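The numbering of the sequence shown is full-length UniProt numbering, which starts it at 1 and goes up by one. The C-beta atom is built at its ideal place from N, Cα and C for all residues, glycine as well. Quantities reported herein were computed from a predicted structural model and do not represent experimental measurements. Below is one structure, written out as structure tokens; the observations come after it.
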Amino acid sequence: MKWHEESTFIHLIELSTMKPLRKKFVVKPLFLLHIAGIGGRYYALGETPFMQEICLDTLETKERRTLYREGSLVTTSPLGNCYTVGHAVSLTGPKYNVLKFPADGGATEIAARLAPRWRLSPCYMHSLGVTDRYLVIIEMPLGVSVSEVVSDVFNNLAFLDGMKWHEESQPLRGAQHEDFRRSFYSSLNRVVLPASDSDARTEIPVKVMPLSATAALENPIINPVFGRRKHRYIYGMGVSSEGGDRGQVTKLDVETGDVKLFSEELLYCGDSVFIPKPGGGNEDDGLVVTFCVRSDEPQFGCLVFIDAKTMTEVGRVCFLPTSSVSVPLHGIFVPKELH
Numbered sequence: 001m002k003w004h005e006e007s008t009f010i011h012l013i014e015l016s017t018m019k020p021l022r023k024k025f026v027v028k029p030l031f032l033l034h035i036a037g038i039g040g041r042y043y044a045l046g047e048t049p050f051m052q053e054i055c056l057d058t059l060e061t062k063e064r065r066t067l068y069r070e071g072s073l074v075t076t077s078p079l080g081n082c083y084t085v086g087h088a089v090s091l092t093g094p095k096y097n098v099l100k101f102p103a104d105g106g107a108t109e110i111a112a113r114l115a116p117r118w119r120l121s122p123c124y125m126h127s128l129g130v131t132d133r134y135l136v137i138i139e140m141p142l143g144v145s146v147s148e149v150v151s152d153v154f155n156n157l158a159f160l161d162g163m164k165w166h167e168e169s170q171p172l173r174g175a176q177h178e179d180f181r182r183s184f185y186s187s188l189n190r191v192v193l194p195a196s197d198s199d200a201r202t203e204i205p206v207k208v209m210p211l212s213a214t215a216a217l218e219n220p221i222i223n224p225v226f227g228r229r230k231h232r233y234i235y236g237m238g239v240s241s242e243g244g245d246r247g248q249v250t251k252l253d254v255e256t257g258d259v260k261l262f263s264e265e266l267l268y269c270g271d272s273v274f275i276p277k278p279g280g281g282n283e284d285d286g287l288v289v290t291f292c293v294r295s296d297e298p299q300f301g302c303l304v305f306i307d308a309k310t311m312t313e314v315g316r317v318c319f320l321p322t323s324s325v326s327v328p329l330h331g332i333f334v335p336k337e338l339h
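Right, here's the structure in full:
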């Protein structure tokens, strides 16, 4: 650890516990990704088969649900929808289990089961698409090797050591970065896939159309009233595409490509939540709410309310905790009548 102290920052290239310390810890579930509302209850979730119920009034933990039978590695969704994807291992090999959480809070159901493209290496995924009739699962060539994960357990290796990149796959290149100093600035591209059953085949033509070169946009959201149907505006967060020490919240018009931004020096935004205006008639009637931290003040946090139409701030709530505040990830809005 001497080189860490001398340089004042950590040099480790992976997120894992160092070998001398691994035997000192017991594996426990982590619920650090987001909170989802299911059947009138609220659960803290992570990429594990555990769901920890919490009390919204006191934030105390309550009952814990286990989904080992349905999926050992669960893909979580920050929107708290009723569907998610779990990875499970059966007698015939790994499977993707599409899990359905009934609105009444009943038992979890397996809505569909399908085999991965790479038989012993199901893909590591974070989300899925949902329409009125279909669930869309996107397989990328980054997988979880079952054989290597089993070997890692006996060799005290980290979960990351079991990840496998399938180099034989032909990647879809939506953008190429020649300047690697700016390669982490996100940009948005529209990927168009044919949806007709008659076009179903192993390889299909894909169209990639850049939507914006300035919309640094991650964790995209929309007005939930327009979920699963045609919509015009998407919102997201990211690092400022203009550089400098700042983040931004972006509004993108997918029809015209126009971009509106909320950005402030030294302020970094987390995952945003769209709150529709009661009785609002337009798609962008409402507020975009985001939790923010400052790069120059570790013990600081604020909740910023942004007019979704103009992307201007209408108010904020700030607090000064007694310890450092980490960069936020996902969040959820709970209406008062449901709380």
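Check                                                                                                                                                                            : Outcome
Thinking C-alpha only, which one of THR92, ILE275 and PRO321 is nearest PRO335?                                                                                                  : ILE275
Put LYS309 into one of helix, strand or coil per three-state DSSP.                                                                                                               : coil
Quick one: residues in its chain with C-beta nearer than 6 Å to the C-beta of VAL314, no 5 flanking neighbours on either side, listed in chain order?                            : PHE305 and ASP307
Can you tell me which of ILE35, ASP161 and MET140 puts its alpha carbon nearest to the alpha carbon of GLU148?                                                                   : ASP161
Measuring CB to CB, does LEU261 end up less than 9 Å from ILE234?                                                                                                                : no
In terms of alpha-carbon separation, which member of GLU63, GLU109, THR290 and PHE319 lies closest to GLN299?                                                                    : PHE319
Below 8 Å CB to CB, which residues in the same chain sit around CYS82 once its five sequence neighbours on both sides are set aside?                                             : ILE38, LYS100, PHE101, PRO102 and ALA103
Do three or more CB pairs link the region 242-250 to the region 221-228 at distances below 8 Å?                                                                                  : no
If we count the other Cβ atoms within 10 Å of its Cβ and call it buried at 16 or more, is LEU329 buried or exposed?                                                              : exposed
Going straight from the alpha carbon of GLY331 to that of HIS34, what length do you get?                                                                                         : 6 Å
Along the chain, where does the alpha helix (DSSP H) containing GLU148 start, and where does it finish?                                                                          : 146-154
Report, in whole angstroms, the separation of the C-beta atoms of VAL273 and PHE333, which I expect to be a contact under 8 Å.                                                   : 5 Å
As a quick exercise: from LYS309, THR310, VAL153 and GLY301, pick the residue whose alpha carbon is nearest that of SER323.                                                      : GLY301
Three-state secondary structure (DSSP) at ASP271?                                                                                                                                : strand
Excluding sequence positions up to five away, which residues of its chain have a Cβ less than 6 Å from the Cβ of GLU14?                                                          : At GLU14, the pLDDT of 40 sits below 50, so the modelled position is not reliable and the matter cannot be decided from this model.
Rounded to the nearest angstrom, how far is the Cβ of ASP271 from that of MET237, given a contact under 8 Å?                                                                     : 6 Å
What's the gap between the Cα of HIS87 and the Cα of GLU63?                                                                                                                      : 23 Å
Let me know the secondary structure DSSP gives VAL27 once reduced to three states.                                                                                               : Confidence at VAL27 is low in this model, with a pLDDT of 48, below 50, so its placement is unreliable and the value that follows should be read with caution. VAL27: coil per DSSP, three-state reduction.
Pop quiz: VAL144 and TYR124 are said to be a contact at Cβ under 8 Å. What is the actual Cβ separation, rounded to whole angstroms?                                              : 6 Å
Can you give me the Cβ contacts of ALA112 inside the same chain, cut-off strictly under 6 Å, excluding the 5 residues immediately before and after it?                           : VAL98
Since MET237 sits in a beta bridge, which residues does DSSP pair it with?                                                                                                       : GLU218 and VAL249
In whole angstroms, what is the alpha-carbon distance linking THR256 and ILE138?                                                                                                 : 27 Å
Give the single residue among ARG246, PRO278 and ASN282 whose Cα lies nearest to the Cα of LEU266.                                                                               : ARG246
Of all the options MET51, ARG41, VAL150 and THR66, which has the alpha carbon lying nearest to the alpha carbon of ASP57?                                                        : ARG41
Taking LEU128 and VAL85 to be in contact with their CB atoms under 8 Å, please state how far apart those CB atoms are, rounded to whole angstroms.                               : 6 Å
Label PHE154 either buried or exposed according to how many other C-beta atoms from any shown protein chain fall within 10 Å of its C-beta, with 16 as the threshold for buried. : exposed
Return the Cβ separation of ARG228 and ASP132 in integer angstroms, given the expectation that the two are a contact with Cβ distance under 8 Å.                                 : 6 Å
Within 10 angstroms of its Cβ, does THR290 collect 16 or more other Cβ (buried), or is it exposed?                                                                               : buried
How many Å lie between PHE50 and LEU303 at the Cα?                                                                                                                               : 29 Å
In the DSSP assignment, what residue or residues form a beta bridge with ILE332?                                                                                                 : None; ILE332 has no bridge partner.
Hey, could you find the ends of the beta strand (DSSP E) SER295 is sitting in?                                                                                                   : Where SER295 is concerned, there is no enclosing beta strand (DSSP E), given that its DSSP letter is neither H nor E.
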